[in-house]
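As you go down the protein sequences, you meet chains A and B in turn.
According to the working numbering, the first sequence is numbered sequentially starting from 197.
According to the working numbering, the second sequence is numbered sequentially starting from 197.
For glycine and all other residues, C-beta sits at the position ideal for the given N, C-alpha and C.
Have a look at the structure below before the remarks.
2 protein chains.
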Amino acid sequence: MLMKADHALPALEWLRGYSRESLINDSLAALVVTIMLIPQSLAYALLAGLPAEMGLYASILPLIAYALFGSSRTLSVGPVAVASLMTASAVGAVASQGAVDYASAATLLALLGGLMLIAMGLLKFGFVSHFLSHPVVSGFITASAIIIALGQLGTLLGVTLTGATLPSLGHDLSTQLLNAHGLTVAVGAGSVGFLLLARYRLSDWLSVIGLRGRPAELIIRSAPVLVMAVLIPLSAAMSFEAAGVSLIGHIPSGLPAFSAPHISWPLIQELALPAFLIALIGFIESVSVGKTLGTKRRQRIDPDQELIGLGAANTAAAISGGFPVTGGFSRSVVNFDAGAETQMASVLAALGIALAAVFLTPMLYFLPKAVLAATIVVAVISLIDFKTITLARRYRAADFWAIVITITVTLLAGVELGVLAGVGSSVGLHLYHTSRPHFAVVGQMPGSEHYRNVDRHDVVTDPHILSMRIDETLYFANAAYLEDTVFAQAALREDLAHVILMCPAVNAIDLSALEALEEINTRLKENDVALHLSEVKGPVMDALQRSDFLSHLSGEVFLSHHGAVTALRATGTADPAQT
Amino acid sequence: MLMKADHALPALEWLRGYSRESLINDSLAALVVTIMLIPQSLAYALLAGLPAEMGLYASILPLIAYALFGSSRTLSVGPVAVASLMTASAVGAVASQGAVDYASAATLLALLGGLMLIAMGLLKFGFVSHFLSHPVVSGFITASAIIIALGQLGTLLGVTLTGATLPSLGHDLSTQLLNAHGLTVAVGAGSVGFLLLARYRLSDWLSVIGLRGRPAELIIRSAPVLVMAVLIPLSAAMSFEAAGVSLIGHIPSGLPAFSAPHISWPLIQELALPAFLIALIGFIESVSVGKTLGTKRRQRIDPDQELIGLGAANTAAAISGGFPVTGGFSRSVVNFDAGAETQMASVLAALGIALAAVFLTPMLYFLPKAVLAATIVVAVISLIDFKTITLARRYRAADFWAIVITITVTLLAGVELGVLAGVGSSVGLHLYHTSRPHFAVVGQMPGSEHYRNVDRHDVVTDPHILSMRIDETLYFANAAYLEDTVFAQAALREDLAHVILMCPAVNAIDLSALEALEEINTRLKENDVALHLSEVKGPVMDALQRSDFLSHLSGEVFLSHHGAVTALRATGTADPAQT
Numbered sequence: 197m198l199m200k201a202d203h204a205l206p207a208l209e210w211l212r213g214y215s216r217e218s219l220i221n222d223s224l225a226a227l228v229v230t231i232m233l234i235p236q237s238l239a240y241a242l243l244a245g246l247p248a249e250m251g252l253y254a255s256i257l258p259l260i261a262y263a264l265f266g267s268s269r270t271l272s273v274g275p276v277a278v279a280s281l282m283t284a285s286a287v288g289a290v291a292s293q294g295a296v297d298y299a300s301a302a303t304l305l306a307l308l309g310g311l312m313l314i315a316m317g318l319l320k321f322g323f324v325s326h327f328l329s330h331p332v333v334s335g336f337i338t339a340s341a342i343i344i345a346l347g348q349l350g351t352l353l354g355v356t357l358t359g360a361t362l363p364s365l366g367h368d369l370s371t372q373l374l375n376a377h378g379l380t381v382a383v384g385a386g387s388v389g390f391l392l393l394a395r396y397r398l399s400d401w402l403s404v405i406g407l408r409g410r411p412a413e414l415i416i417r418s419a420p421v422l423v424m425a426v427l428i429p430l431s432a433a434m435s436f437e438a439a440g441v442s443l444i445g446h447i448p449s450g451l452p453a454f455s456a457p458h459i460s461w462p463l464i465q466e467l468a469l470p471a472f473l474i475a476l477i478g479f480i481e482s483v484s485v486g487k488t489l490g491t492k493r494r495q496r497i498d499p500d501q502e503l504i505g506l507g508a509a510n511t512a513a514a515i516s517g518g519f520p521v522t523g524g525f526s527r528s529v530v531n532f533d534a535g536a537e538t539q540m541a542s543v544l545a546a547l548g549i550a551l552a553a554v555f556l557t558p559m560l561y562f563l564p565k566a567v568l569a570a571t572i573v574v575a576v577i578s579l580i581d582f583k584t585i586t587l588a589r590r591y592r593a594a595d596f597w598a599i600v601i602t603i604t605v606t607l608l609a610g611v612e613l614g615v616l617a618g619v620g621s622s623v624g625l626h627l628y629h630t631s632r633p634h635f636a637v638v639g640q641m642p643g644s645e646h647y648r649n650v651d652r653h654d655v656v657t658d659p660h661i662l663s664m665r666i667d668e669t670l671y672f673a674n675a676a677y678l679e680d681t682v683f684a685q686a687a688l689r690e691d692l693a694h695v696i697l698m699c700p701a702v703n704a705i706d707l708s709a710l711e712a713l714e715e716i717n718t719r720l721k722e723n724d725v726a727l728h729l730s731e732v733k734g735p736v737m738d739a740l741q742r743s744d745f746l747s748h749l750s751g752e753v754f755l756s757h758h759g760a761v762t763a764l765r766a767t768g769t770a771d772p773a774q775t
Numbered sequence: 197m198l199m200k201a202d203h204a205l206p207a208l209e210w211l212r213g214y215s216r217e218s219l220i221n222d223s224l225a226a227l228v229v230t231i232m233l234i235p236q237s238l239a240y241a242l243l244a245g246l247p248a249e250m251g252l253y254a255s256i257l258p259l260i261a262y263a264l265f266g267s268s269r270t271l272s273v274g275p276v277a278v279a280s281l282m283t284a285s286a287v288g289a290v291a292s293q294g295a296v297d298y299a300s301a302a303t304l305l306a307l308l309g310g311l312m313l314i315a316m317g318l319l320k321f322g323f324v325s326h327f328l329s330h331p332v333v334s335g336f337i338t339a340s341a342i343i344i345a346l347g348q349l350g351t352l353l354g355v356t357l358t359g360a361t362l363p364s365l366g367h368d369l370s371t372q373l374l375n376a377h378g379l380t381v382a383v384g385a386g387s388v389g390f391l392l393l394a395r396y397r398l399s400d401w402l403s404v405i406g407l408r409g410r411p412a413e414l415i416i417r418s419a420p421v422l423v424m425a426v427l428i429p430l431s432a433a434m435s436f437e438a439a440g441v442s443l444i445g446h447i448p449s450g451l452p453a454f455s456a457p458h459i460s461w462p463l464i465q466e467l468a469l470p471a472f473l474i475a476l477i478g479f480i481e482s483v484s485v486g487k488t489l490g491t492k493r494r495q496r497i498d499p500d501q502e503l504i505g506l507g508a509a510n511t512a513a514a515i516s517g518g519f520p521v522t523g524g525f526s527r528s529v530v531n532f533d534a535g536a537e538t539q540m541a542s543v544l545a546a547l548g549i550a551l552a553a554v555f556l557t558p559m560l561y562f563l564p565k566a567v568l569a570a571t572i573v574v575a576v577i578s579l580i581d582f583k584t585i586t587l588a589r590r591y592r593a594a595d596f597w598a599i600v601i602t603i604t605v606t607l608l609a610g611v612e613l614g615v616l617a618g619v620g621s622s623v624g625l626h627l628y629h630t631s632r633p634h635f636a637v638v639g640q641m642p643g644s645e646h647y648r649n650v651d652r653h654d655v656v657t658d659p660h661i662l663s664m665r666i667d668e669t670l671y672f673a674n675a676a677y678l679e680d681t682v683f684a685q686a687a688l689r690e691d692l693a694h695v696i697l698m699c700p701a702v703n704a705i706d707l708s709a710l711e712a713l714e715e716i717n718t719r720l721k722e723n724d725v726a727l728h729l730s731e732v733k734g735p736v737m738d739a740l741q742r743s744d745f746l747s748h749l750s751g752e753v754f755l756s757h758h759g760a761v762t763a764l765r766a767t768g769t770a771d772p773a774q775t
C-alpha cells in the first residue's frame, strides 16, 4: 500500500532502471515547465523586490538539488508568490534600516532557511509544521494573495506602492491613483484580460477546434510567454520606454557565479525568525502539493526527507545568487499534468532556464514590468480560498475564528505577524477548549453495560452514586475546573456515598491535575463520600502507580465503569430497590 | 458544602454581625502582623531598589483596599519577595535606559498591574492563570528565591552587586568578594544566624521554659524586630556609619500623599508585559495561599473576586506612593495562626503600619541595611521547593522538564524570560504529547462488552476487523499522525474488511482532523476496507452532522463498540468461527 523512499539519496530510486520512455515524458514536461517558469521566475523576483535575473538563478541549481534530495517525484521547486512576498517583507525591514544590501540579505534568508530545514530534517522535526493548522495556512495564503494582487496594482498602473499591508496599500493607492500612466494601464489591463481569458475560457475554445488534453494544456500554460512574445517586439517598436512605460531593462547574461552570501551576526539575528517562517510555510505548501500529487500515483511523501530536499534547494539557491524557493502548486501541477514521471523533468527544466539565462536575457530588455505584474495577479487569484472559510464557519467556531484572525492580522499587520497570530490563535483556542472540558453525568443504558450522558440518553442512575465522565486529558489548564465541577455536582446530591470518575477520555494526568485529584479526594472524604476511578487507561495507571495518590484514594480503581457501579451497589450503601 | 462570597463588596459579608470576640482576635493578629510587616516592608522596598518608606506606603492603603474587595478572610497583602525582585528587574530595564524616574516607574507598574487585574476580574478571565502550571510556578519561585538570596549577599558583605541573573551575580561576587566590609559582614552574619536560630530552634527552647502556642509564635515571629531593637541603638552608639556600614538613613516621616503616577505612553508599552507577569504571578501566589487557608476553615476563595481584590490593592498602592503588592504566604499564615477571623485584622495592621510611618521612621535612621538583607535571606530560604522537583521527576517527565526549564531560564536569563519559558515549555510539552497520541488496538474482554488494549489484556479479536482506540482529541497537531497510524496498522492486516475507530477519548475533531478522516475514508475505500466510528460523544457527533463527512463515510457510526463489532460480524464478511 505504501512505498518507502530511499533515505540517503532518494534520486537513486528512480535513476535505477530509468527508461527511454520516461526520458521522453520527462523531456516534454520539462519543456512545458520551462516555458511557464521563465515569466514566473522573473515576476516573483520583482515581487520580492529583487533584480529579475535572481528569479532565473533561483530556478536552476535549486531544482537540481531538490531532484537529488527531495522525496516527491513530480514536485517542482522555485520562487513562489507567498514566499516572495514574505522575502520582500523580511528584507525590506532590515534593508530600510541602513547599509545592508537588499539582494545579499535575500540570499542570506535562503541560506538560513535552507540550513534550518536540513537541521529539522536530520532531527526528524517535521512535526513542528503540524502546529500550523490547515485553516490557518489557508487563511494565511488567501490574505497573502490579496496583498500580492493589490501590491501588483501599482506596477499595473505605473505608480509606486510601498505598502505591504492593506491599510498602507490602500493609502498609497488612494494618493497615487491619479498619477496612473495611461499606456502602462493599457498594457497591464490587456495582459490581465488575456491571461484571465486563457485561464478560464481558452480550453472551451480549443476544444471547439478539436484541441484537448495535453496539447491544449500546453497552449493554455504558455499564455504568459505568448503575451511576452507579443509585447516585447511591440514595446521595442513603439518605444514604450520613451513613452514612460517601466521596462525590465538590462539583465546580465550568463549563469550565476557561485558565491557565499555575506554573513553578519546581527543580520542573522534579525532574519532568523522570518527565515524560519518562510521555510515553514514553504515546507507546508510543498508537502501539501507533494501529497496531493503523490496520492494520485500512490507515491509516498516522506516529510523528514522533504525537509532535507527543500533545505538543499534553498542552500543551493543561496550559493548561486538566488532567494528563498519552495515547491509551487501551479508549476507542480503543470509538471504532473504534462506527464513528468521523475525529477529528471526538473533537471531538464533547470537546463532550460539556464539556456534562457544565457541566451534570452537581451530580448527581455523591452518587456514591460506590467506584463509580469499581470502574470502574478492572475496566478495568485487562484490561491484565494473562500471554501475553507465557509466550511469552517459551518463546522466549528474555533476553526472559523482561527481563519478570521489569521486573515485579519495578515492583512492589517503583515505576513510575519499573520503567521504567528495564526499559530497563536489556533493553539490558544485549542488550549482554551481543553481548559473547560466537556463533562457528563452518566447512567446505564438499560440492558447493556454501556454508560452514557444522562442528558442525551434514557439511562438508569443511582442516588448514592455520582458517575461522572470527564472528557479531556487532565492537565494544568483544567485542573482547577475539574475541582470546581466535581464539587458542584457533588453538592447537588443529598444522599451521596460514592463519586466515580469515569476516565476513558483521560489520556494523561499531569502533576497539577494529580494535586487537584488529591484535593478532591480529601474534601470528599471529609464529607464521607468515597472517590473511585473507572476505565483508567494503561499509561495513566502506570503514572498513578508512581505517585502516592492510590494509597491516599478513599475508594478504588475499577477496570470498567459497569464493574464499579455493580460493586458499589453490592456494598449495601446504595439501595438496589431505587435503581 | 460551599459558600458563595457577596459579589459586590465581600467585606459586607463579615461586617454584618461583626462581634466583640472577633474584634479581640483580629486585634491580636493585627499586632503580630504589624510587628512582622515593618522590617519586611522596608526590606522588600530595598530589594525592589526603592526607598525604604515606599515599603511602608505599600503596606497601608493596599491592605484596606483588599479588605474591602478581596474574597479571602485571612489573606494579608503587601510587598512580597518575588514580586519585588520582578519589580527591580522591570524597572531596572527601563530606568537604565535614560531619564525615567525609578520610583515613579515602580508606581506605574503597580497601576498597570492593578488595572489589568481588575479588568481580568470583571471579564472573568481568571482562567488565564491556569496556564501557569503548578510545577512551573514552583520552579519559578525556587529560582527567584535563589537569585534574591544571592543578590542580598552584596548587602550582607557591604559590596555592590548589580546582576539579576546567576552568571552576572556570580561574576559580581567573584570580583567584589575581596572588598567585603568586616563590620558589615559581622552585622549581617550575626543577624542571619540569629534569625535562622529563631526560625528553626527557638520553639524547642521556648517549650522547655513552658512557652508554647500563640505566645511562643509571637516571640518567634518578632525575631526580626528584636534584631532591629538591638542593632539600631548599637549602630548609633558605636558610630557604625562612620565605620563604613551602610545604614537605612533618613526616611521621611508621615503618611504618603495621594498622587497619580506619572504616565507616559512609551513607558506603558515597555512596562505592560512585566506588569502583566507580576500581576499574574502575584495572583497565582495569592489564590494558592488563600485556598490553603480557606480550606482549613471551609471558606471559599472566588478567583474572579480575588482578581478584583488584588487589582484594588495594587491600584491603591499606585495612588499612595507604593509599588506592586500581592498576598504573601508567610504573613498570611502568621495572620491566620495569630487568630485573625476577618479582614478587620488587615485594616488594623494598616493602622499599625501608618503609625509606624508617622512615629517610627526617625528611629530607623541607624538601622544597618545588612539587617534587612538578613531578614530577606531567611524569608526566601523557605520558598525554595525541591520537593516538587523530586515528585515531578518520579511522576512524569513532562512536568519535570517544565520545572527544569523554568528554573534554568530564570536563573540564567532573569525573571521575565523565566516565567515565559515556563509557560512556553509546559504548553509546548503538552501540545507535543497530544500531537503524538497514544493509540491502542483493542479487543473484547471475554464475557463482557468491554474492549481493551490487546497488548495489556487477554482479549478476543477478529482478523477481518481492526478496532483502534485513539486516545486523544483529534486536532491539527495530530491529524497527520492519525493518518499515518491508521494506515500503518491497516497495512499489517491481510484480510481486513473493516476499520472501527473507537472514539470515547476523542473530545473534539477540528477541521484539519476532519480532513484527515476524509482522507483515511477515501484511501481505505480504495482498498475495499470500510471505515466505521464507535462511541462518538454527543458534542463531536453534533459537529460531524454539520459537515459532509457522514455522507462520505463508507461505514457506519455505532453507539457502542460492542454493538459495532457484533453488527459487523453478523454481516458475514467476518467468519464467526475464527473469533
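- Expressed to the nearest angstrom, what Euclidean distance is found between the alpha-carbon atoms of E679/A and I572/B? 35 Å
- Query: Shorter than 8 Å from the beta carbon of V623/A to some beta carbon of chain B?
  - Reply: yes
- Report the neighbours of N703/B on chain A: residues whose CB is nearer than 8 Å to its CB, in chain order. T630, P633, H634, D667, E668 and A701
- Item | Contacts of R797/A in chain B (Cβ-Cβ under 7 Å) | Residue coverage of chain A in this structure runs from 197 to 775, which leaves residue 797/A outside it and unanswerable.
- What in chain B is Cβ-close to H782/A, meaning under 8 Å? This structure gives no information on residue 782/A, because the portion of chain A shown stretches from 197 to 775.
- Query: G554/B and S449/B look like a contact to me (Cβ under 8 Å); what is the Cβ gap, rounded to whole Å?
  - Reply: A quick correction: the sequence has Val, not Gly, at residue 554/B. Correct: roughly 6 Å between the Cβ atoms.
- Task: Determine, using beta-carbon pairs with one atom in the segment 229-241 of chain A and one in the segment 465-481 of chain A, whether at least three such pairs fall under 8 Å.
- Result: no
- Supposed close pair V521/A, P363/A - CB separation, criterion 8 Å: No, V521/A and P363/A are not in contact; Cβ-Cβ is about 30 Å, not under 8 Å.
- Go ahead and pull the three-state DSSP assignment for N723/B. coil
- Message: Is K733/B close to chain A? Criterion is C-beta to C-beta, closer than 8 Å.
- Response: yes
- Task: List the whole-angstrom C-beta distance separating N375/B from V388/B, where the pair is believed to meet the contact cut-off of C-beta under 8 Å.
- Result: The pair is not a contact, with the Cβ atoms about 20 Å apart (cut-off 8 Å).
- Item | Any alpha helix (DSSP H) of 4 or more consecutive residues that is wholly inside the segment 439-525 of chain A | 461-492 and 499-515
- Query: Which residues, in chain order, does the segment 321-351 of chain A contribute to contact with chain B at a C-beta distance below 7 Å?
  - Reply: F323, H326, F327, S329, H330 and P331
- Item | Helix, strand or coil at G213/A [DSSP, three-state] | coil
- Message: I'd like the list of long-range same chain contacts for V290/A, defined as Cβ closer than 7 Å, with 5 residues on each side in sequence excluded.
- Response: V296, A301, L463, E466 and L467
- May I have the straight-line CA-CA distance separating A201/A from I585/A, to the nearest angstrom? Bear in mind that a pLDDT of 44 at A201/A, under 50, signals an unreliable position, so the number given afterwards is only what the model happens to contain. Between A201/A and I585/A, the C-alpha separation is close to 35 Å.
- Show which residues of chain B have a CB atom less than 9 Å away from the CB atom of H748/A. In chain order: nothing, as chain B lies at least about 13 Å away.
- Query: Do the segment 319-328 of chain B and the segment 498-516 of chain B meet, that is, are 3 or more Cβ pairs less than 8 Å apart?
  - Reply: yes
- Express the C-alpha separation of I344/B and S403/B in angstroms, rounding to a whole number. 33 Å
- Message: Residues of chain A with CB closer than 7 Å to the CB of L242/B, please, in chain order.
- Response: None at all; the shortest Cβ gap to chain A is about 34 Å.
- Message: So, at 7 Å on beta carbons, what are the nonlocal neighbours of L692/B in its own chain, with the 5 sequence-adjacent residues on each side left out?
- Response: H660, L662, A686 and V725
- Message: Quick check on the burial criterion: 16 or more other C-beta atoms within 10 angstroms. Buried or exposed for H748/B?
- Response: exposed
- Query: Given a threshold of 16 other Cβ atoms within 10 Å of its Cβ, counted over all protein chains shown, does A315/A qualify as buried or as exposed?
  - Reply: exposed
- Task: Between the Cα of I601/B and those of V287/B, E714/B and S621/B, spot the shortest distance and give me the residue it belongs to.
- Result: S621/B
- So, is Y396/A buried or exposed, given that buried needs 16 or more other C-beta atoms within 10 angstroms? exposed
- Option nearest L459/A by Cα separation, candidates E714/A, A514/A and V615/A: It is Ile, not Leu, that sits at residue 459/A in the sequence shown. The shortest Cα separation from I459/A among E714/A, A514/A and V615/A belongs to A514/A.
- Message: Measuring alpha carbon to alpha carbon, tell me which residue in L264/A, A569/A and N723/A is nearest L443/A.
- Response: A569/A
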